[in-house]
Amino acid sequence: MEPVRSLREHLLRLREAGELRELGQAGLGDVPSLIAESGGMAGMVSVRGYAAPFAFNTMSSRRHAALALGIEEEDLRSRFLEAAAKPRAPESLGDLGMRGPMEPDLEALPIPKYYERDAGRYITSAIVFARDPDGGTMNASFHRIRVLDGRRGVIRMVENRHLHRIYMSARERGEDLKIAVEIGANPIVELAAAYQAPFGSYEAWIANAMAGGSLRFSDFAGVDVPLETEVLLEGRIRHDAEGEDAMVDMLGLYDRPRMQPVVEFDRMYVSEGFVFRGLLAGGPEHRFLMSFPIEVKLERQLGDVLPGVRRVVLTEGGGRWLHAVIQIEKRLESDPRTAIIAAFTFDPSLKMVVVVDEDVDPEDPEEVEFALATRFQPDRDLVILEGMRGSSLDPSSDQATLTTSKWGLDATAPMDQRDRFRRAAVVRGG
């Protein structure tokens with residue numbers, strides 16, 4: 004199969020694969036619970052009072068990502084790594100091919116309030132495209148936007164991440180930052196935009212590389228933006244205006260309220276018969292999009308240090324952010340400890356790392372726990388590190404300094420006694 008060209012083409016592919024549930028009509032206030040109760044299944048719902056249907060969970064698993072790329076699931080990691088290493092610029096730029104420009108009207112879009120204590124209604128699937136006014140570097144990344152009215156919102160930017168760095172360059176000049184925002188982008192673009200690429204590596208070109216150079220682009224708001232999106236907004240992140248942001252984070256906990264810049268939109272474009280795309284903060288889709296690029300990147304980094312590294316899995320119980328299981332083929336008894344220290348170095352957000360042998364499925368929590376029960380001794384196999392940089396998402400960490408304690412657990416069998424630790428195999432057949 005060829006890579007999909009748009010969200011709607013992806014929805015057709017999900018439907019054919021039995022991965023899409025069509026839910027009929029619902030009120031806007033019912034949408035968050037429909038997503039929460041979906042179990043990660045992709046869905047479409049017609050929202051009463053709005054022209055655009057609402058799509059959700061369209062990139063909530065490796066299977067969804069593989070379907071979008073038209074490849075086998077086992078090839079997904081290598082495809083992603085190859086694209087991240089060699090982004091591919093478009094050969095030419097074309098026209099938008101959308102209805103517009105028109106006056107922006109966020110109120111006409113089916114944007115729900117997802118959680119009881121959210122500060123308001125949020126666009127949760129916005130991919131923001133911007134160019135650094137200093138060096139010309141382009142960036143594409145996910146950001147939530149709280150709706151203030153038909154043309155204004157409050158945009159959350161994590162401090163020192165790439166869009167924030169670009170914004171600060173403009174702000175220091177006393178200028179607004181010009182941006183383009185896509186809602187309902189090609190899912191391949193979404194996967195790339197969730198990746199924290201090195202500064203200067205453009206995520207939309209990584210998406211193009213994943214798609215084999217098949218994505219079309221246009222020069223819009225001074226940035227090369229990929230086409231075939233459902234909604235496209237042109238606007239500015241104001242250097243002189245702020246509003247309150249308070250919403251649930253990817254762990255499903257309430258983020259602390261903070262003041263963030265106001266974004267003001269000047270023009271809006273839509274595809275004919277467009278679909279609105281939403282994402283539940285802290286839901287399976289949010290966690291997959293955030294965790295998959297980290298897993299792949301960490302797997303490569305650890306593999307450069309320890310050739311025996313086989314898999315890295317960010318666990319569901321750790322919010323797919325704070326806890327990891329590393330599967331290795333142990334070549335030295337010191338390998339698990341090396342993997343633990345390296346993992347904490349490469350990914351400071353990690354709080355717990357468990358290292359298992361290649362006969363343990365790192366995605367099976369029962370197998371991992373059994374390895375801990377039978378191969379781990381706390382006085383010998385536990386690594387505790389204090390005063391380490393941690394994740395701002397962990398409410399138990401010191402929120403003033405963002406420091407935490409970390410623990411690593413070596414749940415591998417001694418190399419000279421492996422047979423003693425292997426599970427018995429039942430006889431099958433003659």
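What the sequence shown shows, in the working numbering, is residues 4 to 433, in sequence order.
Heads up, the beta-carbon is just placed ideally off N, CA and C, and yes, glycines get one too.
query = Whose C-beta lies closer than 6 Å to the C-beta of F280 among residues of the same chain, with five residues either side of it excluded?
reply = In the sequence as displayed, the identity of residue 280 is Arg instead of Phe. Answer for R280: A58, S128, I186, G187, listed in chain order.
key: Enclosing beta strand (DSSP E) for D419 [first to last residue]   = Per DSSP, D419 is not a residue of any beta strand (DSSP E), being assigned neither H nor E.
Where T341 falls: helix, strand or coil (DSSP) = In this structure, T341 counts as helix in the three-state DSSP scheme.
message = What does DSSP give as the partner residue(s) for Q237 in the beta ladder?
response = Rather than Gln, the amino acid found at residue 237 in this sequence is Glu. A183, R270, per the DSSP bridge assignment.
ask   = Does the beta-carbon distance from I158 to V266 come in below 7 Å?
value = With contacts defined as CB atoms closer than 7 Å, I158 and V266 qualify as a contacting pair.
task = Name the two residues that bound the continuous beta strand (DSSP E) containing R313.
result = It spans 312-317 - the beta strand (DSSP E) in which R313 sits, taken as one unbroken run.
query = Using the beta-carbon count (16 or more within 10 Å), is P115 buried or exposed?
reply = Label assigned to P115: buried.
Beta-carbon gap between Y125 and R155 smaller than 7 Å = Not closer than 7 Å, so no.
inquiry  = Helix, strand or coil for D362? Go by DSSP, reduced to three states.
reply    = Secondary structure of D362 (DSSP, three-state): coil.
request  = Look up W324 in the DSSP assignment and say whether it is helix, strand or coil.
outcome  = Of the three classes helix, strand and coil, the one that applies to W324 here is coil, per DSSP.
query = How is the alpha helix (DSSP H) around A214 delimited, first residue to last?
reply = Going by DSSP, A214 is part of no alpha helix (DSSP H) at all; its letter is neither H nor E.
inquiry  = Report the start-end ranges of each alpha helix (DSSP H) in the region 131-184 that is 4 residues or longer and not cut off at the edges.
reply    = If we require 4 residues or more, the alpha helix (DSSP H) runs fully inside the region 131-184 come out as 165-175.
task = Using three-state DSSP, classify K409 as helix, strand or coil.
result = Here K409 sits in strand by DSSP.
query = What is the C-beta distance between L438 and M253, in whole angstroms, given that I count them as a contact (C-beta under 8 Å)?
reply = With the chain covering only 4 through 433, there is no way to say anything about residue 438.
message = Using a Cβ distance threshold of 8 Å, determine whether the region 291-299 contacts the region 25-37, with at least three qualifying pairs required.
response = Two segments are said to touch when three or more pairs of C-beta atoms, one from each, lie closer than 8 Å; by this definition the region 291-299 does not touch the region 25-37.
inquiry  = Please report the straight-line C-alpha distance between L14 and I331, rounded to a whole angstrom.
reply    = L14 and I331 have their C-alpha atoms spaced approximately 37 Å apart.
key: Pairwise C-alpha distance: T406 and M213   = Approximately 36 Å, taken between the alpha carbons.
ask   = Any idea if F202 is buried or exposed, counting beta-carbon neighbours within 10 angstroms, 16 or more meaning buried?
value = With fewer than 16 Cβ atoms within 10 Å of its Cβ, F202 is classed as exposed.
request  = Would you mind giving the Cβ-Cβ distance between E76 and A69, rounded to the nearest angstrom? I have them listed as a contact below 8 Å.
outcome  = With a Cβ gap of about 4 Å, E76 and A69 count as contacting.
query = Thinking C-beta only, is T415 closer than 7 Å to V357?
reply = No.
inquiry  = Judging by CA-CA distance, which residue of G177, R24, V184, G153 is the nearest neighbour of L166?
reply    = If we check each option's Cα against that of L166, V184 comes out closest.
inquiry  = I'd like the list of long-range same chain contacts for M141, defined as Cβ closer than 6 Å, with 5 residues on each side in sequence excluded.
reply    = R134, Y205, V226.
ask   = What residues in its chain sit with their C-beta under 8 Å from that of R54, if we drop five residues either side in the sequence?
value = Rather than Arg, the amino acid found at residue 54 in this sequence is Ala. Excluding the 5 residues flanking it on each side, A54 has same chain C-beta neighbours closer than 8 Å at A111, in chain order.
ask   = Fully enclosed by the region 49-136, which beta strand (DSSP E) runs are 3 residues long or longer?
value = For the region 49-136, whole beta strand (DSSP E) runs of length 3 or above, ordered along the chain, are 57-59, 102-105, 125-134.
task = Quick one: grab the DSSP three-state call for V430.
result = Coil, per DSSP.
inquiry  = Short of 8 Å in beta carbon distance, which residues of its chain neighbour R340, apart from the five on each side in sequence? Order them along the chain.
reply    = Apart from sequence neighbours up to five positions away, the residues of its chain that approach R340 with a beta-carbon distance below 8 Å are V386, G411, D413, ordered along the chain.
request  = Please state if the CB of S221 and the CB of L235 are separated by a distance shorter than 7 Å.
outcome  = For L235 and S221, no; Cβs fall outside 7 Å.
ask   = Three-state secondary structure (DSSP) at M293?
value = Here M293 sits in helix by DSSP.
key: Sub-7 Å separation of D465 and G238 beta-carbons   = Outside the shown range of the chain, which is 4 to 433, sits residue 465, and nothing can be said about it.
query = Nearest to E94 by alpha carbon, out of L10, V363, Y170, W208?
reply = When each option's Cα is compared against that of E94, the closest is W208.
Those residues which DSSP pairs with E372 across a bridge = BP columns for E372 are empty, so no partner.
request  = Look up D350 in the DSSP assignment and give the residues it is bridged to.
outcome  = Listed as beta-bridge partners of D350 by DSSP are no residues whatsoever.
ask   = Could you check where the alpha helix (DSSP H) with V34 kicks off and where it finishes?
value = Counting along the chain, the unbroken alpha helix (DSSP H) around V34 starts and ends at 34-39.
query = Where does D222 sit, in a helix, a strand or coil, going by DSSP?
reply = Here D222 sits in strand by DSSP.
message = Could you compute how far the alpha carbon of P260 sits from the alpha carbon of D152?
response = Approximately 20 Å between the Cα atoms of the pair.
request  = Using 10 angstroms around the beta-carbon of A71, count the other beta-carbons present and answer buried if the total reaches 16, otherwise exposed.
outcome  = Burial of A71 is indicated by the presence of at least 16 other C-beta atoms within 10 angstroms of its C-beta.
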